[in-house]
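Q: Residue numbers in the sequence shown follow the working numbering, run continuously in steps of one, and reach 362 at the last position. Ideal Cβ placement from N, Cα and C applies to all residues, glycine included.
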Amino acid sequence: MTDAGDFRVGDVLSVACPFTDTRVERGVTSGHLSVRWPWWEIDTANEFAHWNGIVALGVSSGECGAPEVEGELFRTDPPPERLKAGDACRVGVPPTVVHVTAVDHHDPPLETAWLPRPTLTVTVLRRGLSYRDFPDGSHLDGSGYTIHPGDGIPFTFELLMRPYASLRVGDEVADAVGRAWRFDGPWDWAAFDGESAGTAPEWPLVLLTRAGAPCSDEDAEAVTASTASGSHQETVRAWMSLTEASPTP
114 MTDAGDFRVG DVLSVACPFT DTRVERGVTS GHLSVRWPWW EIDTANEFAH
164 WNGIVALGVS SGECGAPEVE GELFRTDPPP ERLKAGDACR VGVPPTVVHV
214 TAVDHHDPPL ETAWLPRPTL TVTVLRRGLS YRDFPDGSHL DGSGYTIHPG
264 DGIPFTFELL MRPYASLRVG DEVADAVGRA WRFDGPWDWA AFDGESAGTA
314 PEWPLVLLTR AGAPCSDEDA EAVTASTASG SHQETVRAWM SLTEASPTP
């Protein structure tokens with residue numbers, strides 16, 4: 114992705130992080146492996162929270178495990194079962210397909226016990242995992258694994274699919290059967306006629322307003338062209354094929 118801050122709910126990404134040298138602080142206990150984190154610095158000026166420079170990574174047992182473990186992106190080389198306290202290893206993220214479930218911007222930056230402080234939180238689920246796989250009472254709270262692009266961890270992102278890329282949250286459109294809709298995300302449509310939303314708008318779509326104002330001819334043409342063929346249902350099927358998951362409501 115050319116813009117590290119350009120993330121949207123529904124995006125399907127390939128995320129990776131180069132494997133970096135570190136050491137094991139504690140071997141596998143309670144489904145976690147603790148390593149010295151190679152990218153962040155301790156925020157010594159923080160008077161309310163203190164961090165010891167160690168991060169606990171979820172470790173899968175190879176069986177169906179806790180949601181927190183199944184959502185883990187980071188891996189170690191060698192694998193956790195071959196590591197004990199004091200061992201040298203590398204930690205990183207192999208190319209992994211994920212989908213974005215939430216995007217939050219922080220201004221001022223999020224106050225943490227490490228530096229740099231995050232200005233962006235992107236919540237993702239790995240391929241094969243849906244929001245319903247994570248109980249509300251779990252650490253992941255039904256949404257997924259949080260990452261902070263720009264916080265010093267050298268993530269790279271490749272955009273594989275962005276459903277409704279030509280639309281922006283808040284856009285108002287008319288569909289092929291004359292119904293008016295508000296777009297609040299690829300899986301979040303509101304029909305203005307008060308009737309049941311049904312499945313979604315019928316393509317092609319006509320852009321009516323953007324940010325509450327009349328849209329430009331260029332924006333309107335982009336929306337109509339991008340929905341000239343296909344359907345909402347085909348978009349969902351293509352998305353599910355990439356993610357092996359259900360859309361987050």
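Please say whether T214 and T348 have beta carbons closer to each other than 7 Å?
A: In this structure, T214 does not lie closer than 7 Å to T348 by Cβ.
Q: Please confirm whether A162 and A226 have their CB atoms less than 7 Å apart.
A: Their beta carbons are under 7 Å apart, which means A162 touches A226 by this criterion.
Q: Among L321, K197, H219 and T259, which one has its Cα closest to the Cα of R281?
A: If we check each option's Cα against that of R281, L321 comes out closest.
Q: Which of the three DSSP states is assigned to E331 in this structure?
A: Looking at E331 - three-state DSSP - the assignment turns out to be helix.
Q: Between which two residues does the alpha helix (DSSP H) holding V349 run?
A: Run containing V349: H345 to T356, per the alpha helix (DSSP H) assignment.
Q: Can you give the Cα-Cα distance for D284 and P208, rounded to whole angstroms?
A: Each residue's alpha carbon lies about 33 Å from the other.
Q: What does DSSP give as the partner residue(s) for T322 in the beta ladder?
A: T322 pairs with E285 and P327.
Q: Compute the Euclidean distance between the alpha carbons of G257 and R292, then round it to the nearest angstrom.
A: Going by the C-alpha atoms only, they are around 34 Å apart.
Q: Give the straight-line distance between the Cα atoms of S173 and R275, rounded to the nearest whole angstrom.
A: Those two C-alpha atoms are separated by around 30 Å.
Q: Closer than 6 Å by C-beta to T269: which residues in its own chain qualify, once you throw out the five before and the five after it? Chain order, please.
A: Closer than 6 Å at the Cβ level, and outside the excluded window around T269, lie A129.
Q: What number of angstroms, rounded off, separates the C-alpha of P193 from the C-alpha of W153?
A: Going by the C-alpha atoms only, they are around 22 Å apart.
Q: Suppose contacts are defined by Cβ-Cβ distances below 7 Å. Is V125 in contact with L355 by that definition?
A: Yes, the pair counts as a contact, with Cβ atoms nearer than the cut-off.
Q: Enumerate in chain order the residues of its own chain whose CB-to-CB distance from P267 is below 7 Å, with the five nearest sequence positions on each side excluded.
A: So the qualifying residues of the chain are C130 and P131.
Q: Using DSSP's beta-bridge definition, name the partner residues of A129.
A: Note: A129 sits in a beta bridge opposite T269.
Q: Could you compute how far the alpha carbon of R139 sits from the alpha carbon of D190?
A: About 15 Å.
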